[in-house]
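A quick write-up on the structure given underneath.
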């Protein structure tokens, strides 16, 4: 069967799963646009503003990074630098070892997914437990998240109940409230029985060095409150210039991700806890992750670094809705993943060069993006790069005859005028059932090939 | 970067700064920092009529929080729902703890993490609130114990009459201050991870209460 790799994956999915991912995406997309329209006169202006602020921060990242680092150090945060994913894994493992940590709880973080932290820690004898409900389920199932915000969008309650039963979390019960209560009980002991908390970071203010972290479940707050060591892995692109800019981003993030005005727990973390407070980290480490971000800064796809990981482009994307996140074969799925994955892959660009083609370029992702990333343009630039690098296109329909005709002016003119013969065809009498069904509700317009060229020629040059 | 600065850097730090600077060196047309008024990101429709406290109370309930005016109301709520034992910030013993005890509730004034499951409610001080979003502001300087505001099924944030209520989110950001940890709590802990169905009380409280003086209840209620 023809089609790109992503088409094959989508066809292999059970119908039920495709329907639920699609319906869930549609519901969140509608909620997002309702809440934005309700609250703001011109939500698009706000998205453009956020895009400009973030692009400004990226275009001046050298200055802002220096500022953020200095502030964090002033605030008592130990700052580490990880040029590569491997560096980040090594730094984090060393920090845990130096502090004698054998058990660690982790809040949801795409950056830690990106560097495959859990596997590395496990291979080195550190037990790192996911505490976000969805990520916890992904972890016990040895699965991977399929959506940035809703990691188990691809699972139903029956599958979850079965794996809870298999992991000794109680007899089969697929009531979502029961599932949540059981996870609460199980993970509570883990929060309190661990020695460190690992988190990501949503934003980092250069002005104050404050790390901003949002969760709905309260697990990032718990990971920090219960432990004396806090390690945050933060991509260098997370920096925003000033605290006041956070108002713009927080308002857009929650609405775009989950149609909420604000995420339930919005934390502003300046540093380790004060000495006279009973709970909270005595030591805070921020590991700044590059992993090709610095390379992207100057590239023709640099706008993708504005991304605040809200998942709105996934929810709205007609391809994602049919294929779901695993079809993208990488940590980031959907439109943002189709741009990021090939770029983050470095030398292995070719392996992911099909992803930018997994798009109809309908532009819906750009319309919902809270930081106004021109995703369709970036997809085209990546398609172009693949073509320039001579990477073979897998599964794309052949343009063979069309390409030959379209690249020769003579053939093209002939085809345009010659095809007028089609107008003489008695199509109502062609005995093809689908065609006749179609003609009951549609009219085939007359062939007018060549008109555009005529119009172009007649157009006066300014 | 100057040489002294560069020498003090770790290899990783040097490598990242060098790469960032190289990438940005030839970038044409860098985006300027746009000027904007804070009002552009304020949901003015959520501000409605009334004082900031009244607006906060209405919005706090809209996100699933529960406003209680008097400590007697709190005692009845806890008793009715079988939340018989809990923790209270010792600084709030006179105002809240003692009246709860009088009503027959068991109140601890020291939070012990090993007994976290025994605290069915936790009473701590709120540093302020945000009217626009219906959030309570918990500043580490005022929170007697972070865990006490998180592990009990019911969290009671006590907002005294002199507690600051910021009208908008930008106002609240401007007032963040120097605390190493500030958290805005906007409703009970929640998830929609399982089939998109909303469940409250994941790792934090399933019931989020704000105890605030009686004359501050929303007009017309």
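Protein chains in written order, with our numbering: chain Z, 1 to 462; chain C, 463 to 683.
Yeah, the Cβ is synthetic: ideal placement off N, Cα and C, and Gly gets one too.
Since this is a predicted model, take the numbers as computed values, not measurements.
Following the DSSP letters along the chain, one finds residue 288 of chain Z inside the beta strand (DSSP E) bounded by residues 283–289.
For residue 248 of chain Z, the nearest beta carbon of chain C is closer than 7 Å to its own beta carbon. Around residue 545 of chain C, no beta-carbon contact reaches into chain Z at under 7 Å, the shortest distance being about 16 Å.
Between the C-alpha atoms of residue 362 of chain Z and residue 266 of chain Z there is a straight-line separation of about 34 Å. Along the region 260–285 of chain Z, going in chain order, the ones with a CB nearer than 8 Å to a CB of chain C are 260, 261, 262, 263, 264, 265, 266, 267, 268, 269, 270, 271, 272, 273, 274, 277, 278, 279, 280. When DSSP states are grouped into helix, strand and coil, residue 454 of chain Z belongs to the helix group.
For residue 621 of chain C, the secondary structure class from DSSP, reduced to helix, strand or coil, is coil. Ranking Z/414, Z/271, Z/351 by CA distance to the CA of residue 228 of chain Z puts Z/271 first. With contact defined as three or more Cβ pairs closer than 8 Å, the region 555–567 of chain C and the region 586–598 of chain C are not in contact. Rounded to whole angstroms, the gap between the alpha carbons of residue 71 of chain Z and residue 637 of chain C is 18 Å. For residue 595 of chain C, the closest Cβ of chain Z is nearer than 7 Å. Within the DSSP secondary-structure output, residue 601 of chain C pairs in a beta bridge with C/644. Residue pairing of residue 40 of chain Z in beta bridges, as defined by DSSP: absent, with no partner found. Not one beta carbon of chain C lies nearer than 7 Å to the beta carbon of residue 44 of chain Z.
When the alpha-carbon of residue 673 of chain C is set against those of C/600, C/528, C/607, the nearest one is in C/528. Interface annotation for the region 479–504 of chain C against chain Z: 479, 480, 481, 482, 483, 484, 485, 486, 487, 488, 489, 491, 492, 493, 494, 495, 496, 498, 500, 502, 503, 504, criterion Cβ-Cβ distance under 9 Å.
Within the region 211–286 of chain Z, the runs of alpha helix (DSSP H) at least 4 residues long that lie entirely inside it are, in chain order, 219–225, 245–258. When the beta-carbon positions are compared, residue 169 of chain Z and residue 157 of chain Z stay at least 7 Å from each other.
Membership of residue 8 of chain Z in the alpha helix (DSSP H) is indicated by the continuous run 5–12. Residues of the region 413–439 of chain Z with a C-beta less than 9 Å from any C-beta of chain C: none at all.
Around the beta carbon of residue 518 of chain C, 16 or more other beta carbons sit within 10 angstroms, so the residue counts as buried. Looking at the DSSP output, residue 197 of chain Z shares a beta bridge with Z/105, Z/230. Within the region 12–37 of chain Z, complete alpha helix (DSSP H) segments of at least 4 residues are not found at all. With respect to the C-alpha of residue 510 of chain C, the residue from C/581, C/594, C/566, C/642 having the closest C-alpha is C/594. Each residue's CA atom was taken as its position, placing residue 57 of chain Z and residue 66 of chain Z some 12 Å apart. Runs of the beta strand (DSSP E) lying entirely within the region 53–106 of chain Z and spanning at least 3 residues, in chain order: 78–82, 103–106.
With fewer than 16 other Cβ atoms from the protein chains shown falling within 10 Å of its own Cβ, residue 452 of chain Z counts as exposed. According to DSSP, residue pairing for residue 549 of chain C in a beta bridge involves C/570, C/584. Residue pairing by DSSP places residue 590 of chain C opposite C/599, C/626 in a beta bridge. Between the region 652–671 of chain C and the region 611–626 of chain C, the count of Cβ pairs shorter than 8 Å is three or higher; the stretches touch.
For chain C, the residues of the region 163–184 of chain Z that bring a beta carbon within less than 7 Å of one of its beta carbons are 176, 177, 179, 180, 184, in chain order.
Nearest Cα to residue 23 of chain Z within the set Z/154, Z/12, Z/124: Z/154. Under the Cβ distance rule, residue 555 of chain C does not count among the residues neighbouring chain Z, no pair being separated by less than 7 Å. When secondary structure is reduced to three states using DSSP, residue 528 of chain C falls in the strand class. Three or more Cβ pairs closer than 8 Å define a contact, and the region 142–154 of chain Z meets that threshold against the region 653–661 of chain C.
DSSP, read as helix, strand or coil, puts residue 661 of chain C in strand.
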